[in-house]
Amino acid sequence: MNFKNLISGAQAYVCYGVRLVSLVPFFLFLLFCKKRKGIIDKTAEFQEGNMIDIRDEIARLRDDVVDLRRRLHSDPELGLNEHRTAQKIKEYFRGMDVQITDNLFETAVIVDFKGSKGDRCYAFRADMDALPVEERTGLEFSSAQAGMMHACGHDAHMAILAGFGRYLAMNRSRLESDVRLVFQPAEEAPGGALPLIEAGLLERPKVDAIFGLHMFPDVEEGRIGARRGPIMAQTAEIYVEVEGQSSHGAQPHKGKDALVAACNMVMAFQTIVSRSLDPMEPAVFSIGKITGGERLNIVARNARIEGTMRAFSEEDFEFMKQRAVSIAKGIGEVYGCKAEVGFGNGLPPVVNDEGLFNLLTEVVGENSIDVIKPVMMAEDFSYYQKKVPGLFFMLGTGNPGKGYTHPLHSCYFNFNEDVMMTGVEVYARILEKLGGLKTAK
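Once you know that position 197 of the sequence shown is 253 in this note's numbering, the rest is easy, because the numbers rise by one and skip nothing.
So, in C-alpha cells, the structure goes:
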C-alpha cells in the first residue's frame, strides 16, 4: 500500500469537506429566499385571484355595457342638448335602488348610491356631449345624426360609468360609502363642470374625492396612463381687435395699417414662451387665425387675431396673459392703432392629487401603469379638483395591429370595446381600496 498516496487522498477529502461546510450558510440562505419567495408568490396569487374574481363578475356586464355604448354612439348630441342621451342614462338605472337627480343643471344626470355607513362620499364623473364632426368610421352603429359624432370617447365614458353603477347595484351588500355618479353635459363647450359645482354637486352630500378617465389612443390598449401633479394644461382662447385708419393703397401714409400692426403682434407673441418663460416649464402660445381689411387696394382699418394659450403653471399662464396684453397695446401704439385684448373659455390645469395617484398605482400595479408626459389638451374636470382631491387618468386604446390609431376628435376614432371593462374594473378596485366597497370574498 502506498501510504503517501493514501495520505494525499485523505487530505484532499478533508479539504473538500471543509469547502462543503463553508457553503452551508449559502445553501441555507438560498433555502430561506425560496421560502420567502413562496410567501410573496402566494400573496401575489391571492391578490391576483381577488382581481380575477372581480374581473369575472365585471366581464359578465360586457354585453350590457357595449349595448349602451353603441346606442349612445349612434345618437350623439352636442353640449347642453344631450336630452336623448340623458333619457338613455336614466332608463339604464331604472329599477335599481338609486336616487336620480336630473334638475341640478341642464341635461346633467346624477345617480346616487347610499352606502351602509355613509360617512364618506366618492364621486365618479363621465362627460356626455358629442362633437360637430361628420363620422367616417363605417361602423354599423355609426352616428345617425348628420354632422355629429362621439369622436372623443364620451360614449365610452358614459357606458363605463353606467357599467360601474350596475356593478355597485349587484354588490349593494358590500357598499359602505356613498357613491355619486356624475353624467356631466358640455365638457367640450361651453363647460358643464363649473355650473354643476355652483349648483351644489360637491356639497350635498359632501364629496371627499372625485375620479374621471378618458379614452386615449396614445397609450397602449388596456393600459393605464397617469401621473402625479399636472397631467393636462391650463388653457384659454385669446382675441385681439386692432383698429387703425383706412386710406387708399396708393396713399398708405394717410392711414394707420391695422393689418401690419396685427402681423407684428403675431410675431412678437412668439417670444412670450421662447424669451420670457423658463424653458424647463412647458407652455404654448398658438395663433391660428388672423383676418383684416376690406379690399386689396385699401389700407386695412381693422384686423382680428385669434389663438390659444396653454401652460401647466398657473403663474406662467397669468404672466402669458399680461405679456400678451402689453405686447398688443405697445405694438398698436407704435403703428398708431388701438388694440383690445380679450380672453375666453379658459380652464385651469388638471392636477392629480399625489395620494390618489399612489392609490391608483397600488390598484393597477406598477407594471400596468404608464407614467405619461403631461398633455397640452384641457379638461373642465380641473374645476372639480379645485374643490376636492381628484384623480384623472387615461384608459389606453392604442392598437396599431387592429387599426386603433386615430387621434381624439378624428372622424375615424374608434377602439376595442373590451377596453371599457378595464375602466369598470379600475373604478371598482379604486372604491375597494378607499374602503368604500368591502373586498369581495
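Virtual Cβ for every residue (Gly too), placed ideally from N, Cα, C.
*Taking C-alpha atoms, which residue in Gly221, Ser466, Gly300 and Ala395 lies nearest to Ile114?*
Gly221
*Starting from the Cα of Phe368, find the closest Cα among Pro405, Gly209 and Ala496 and give me that residue.*
Pro405
*asked:* Does the segment 240-260 come into contact with the segment 380-390, if we say contact requires no fewer than three beta-carbon pairs (one atom in each stretch) closer than 8 Å?
replied: no
*asked:* As a quick exercise: from Val238, Val475 and Tyr439, pick the residue whose alpha carbon is nearest that of Gly501.
replied: There is no way to answer for residue 501, as the model of the chain reaches only from 57 to 497.
*asked:* Quick check on the DSSP output: the alpha helix (DSSP H) that includes Gln441 runs from which residue to which?
replied: Following the DSSP letters along the chain, one finds Gln441 inside the alpha helix (DSSP H) bounded by residues Phe437 to Lys443.
*8 Å Cβ cutoff, Phe197 in contact with chain D*: No chain D is present in this structure, which holds just one protein chain.
*If we count the other Cβ atoms within 10 Å of its Cβ and call it buried at 16 or more, is Lys458 buried or exposed?*
exposed
*Pick out whichever of Arg181, Thr163, Asp153 and Asp185 has its Cα sitting closest to the Cα of Lys170.*
Asp153
*Of all the options Ala395, Lys146, Leu403 and Arg140, which has the alpha carbon lying nearest to the alpha carbon of Lys442?*
Leu403
*Mark Leu84 as exposed unless 16 or more other C-beta atoms lie within 10 angstroms of its C-beta, in which case mark it buried.*
Note that Leu84 scores 42 on pLDDT, short of 50, meaning its location in the model is unreliable; the coordinates nonetheless yield the value given after this. Leu84 is classed as exposed because its beta carbon has fewer than 16 other beta carbons within 10 Å across all chains shown.
*Evaluate Thr347 with the Cβ neighbour count: other Cβ atoms within 10 Å of its Cβ, from every protein chain shown; 16 or more gives buried, anything less gives exposed.*
exposed
*Verify whether the separation of the beta carbon atoms of Gly512 and Ala356 is less than 8 Å.*
In the structure as shown, the chain starts at 57 and stops at 497, and residue 512 therefore has no counterpart that could be examined.
_Rounded separation between Asp112 and His270 - CA only_ = 23 Å
*Given Val340, which residues of its chain have a CB within under 6 Å of its CB, disregarding the five upstream and five downstream residues?*
Arg366 and Met432
*Below 8 Å, can you find three or more Cβ-Cβ pairs linking the segment 192-200 to the segment 281-292?*
no
_What does the alpha-carbon distance come out to for the pair Pro261 and Pro132?_
31 Å
*Rounded to whole angstroms, what's the CA-CA distance from Phe149 to Asp123? Just pull it up for me.*
14 Å
*Measure the alpha-carbon distance for Arg118 versus Gln378 and round it to whole angstroms.*
Arg118 and Gln378: Cα-Cα distance of roughly 51 Å.
*Just to confirm, are Ile343 and Val316 a CB contact at a threshold of 8 Å?*
no
*Beta carbon of Arg181, beta carbon of Tyr440: below 8 Å?*
yes
*asked:* If you measure between the beta carbons of Met450 and Ile280, is that distance less than 8 Å?
replied: yes
*Hey, out of Asn227, Asp436, Ile383 and Leu412, whose CA is closest to Ala502's CA?*
Shown here, the chain extends from 57 to 497; a query on residue 502 therefore has no answer.
*Is the beta carbon of Ile328 sitting closer than 8 Å to the one on Leu415?*
no
*Which word fits His213, buried or exposed, when buried means at least 16 other C-beta atoms lie within 10 angstroms of its C-beta?*
buried
*Take Glu101 and list the residues in its own chain whose beta-carbon comes closer than 7 Å to its own, dropping the five residues that flank it on each side.*
Note that Glu101 scores 30 on pLDDT, short of 50, meaning its location in the model is unreliable and no value can be drawn from it.
*Hey, which unbroken runs of the beta strand (DSSP E) at 3 residues or more fall wholly within the segment 303-390?*
339-348 and 358-367
*Starting from the N-terminal side, write out each stretch of the alpha helix (DSSP H) that is 4 residues or longer and does not extend beyond the segment 231-302.*
Those alpha helix (DSSP H) runs which fall completely within the segment 231-302 and span 4+ residues are 249-254.
*Can you tell which of Ala179, Ala306, Pro308 and Ala395 has the C-alpha that lies nearest to the C-alpha of Asn320?*
Ala395
*Do Ala359 and Ala306 come within 8 Å of each other at the CB atom, strictly closer than that value?*
No, Cβ-Cβ distance for Ala306 and Ala359 is not below 8 Å.
_Own chain partners of Ala200 with C-beta closer than 7 Å, once the 5 adjacent residues on each side are dropped_ = Ser130 and Asp131
*Does the beta-carbon of Met376 have 16 or more other beta-carbons within 10 angstroms, so that it is buried, or is it exposed?*
buried
*What is the DSSP secondary structure of Phe149, reduced to helix, strand or coil?*
Phe149 falls in the helix class under three-state DSSP.
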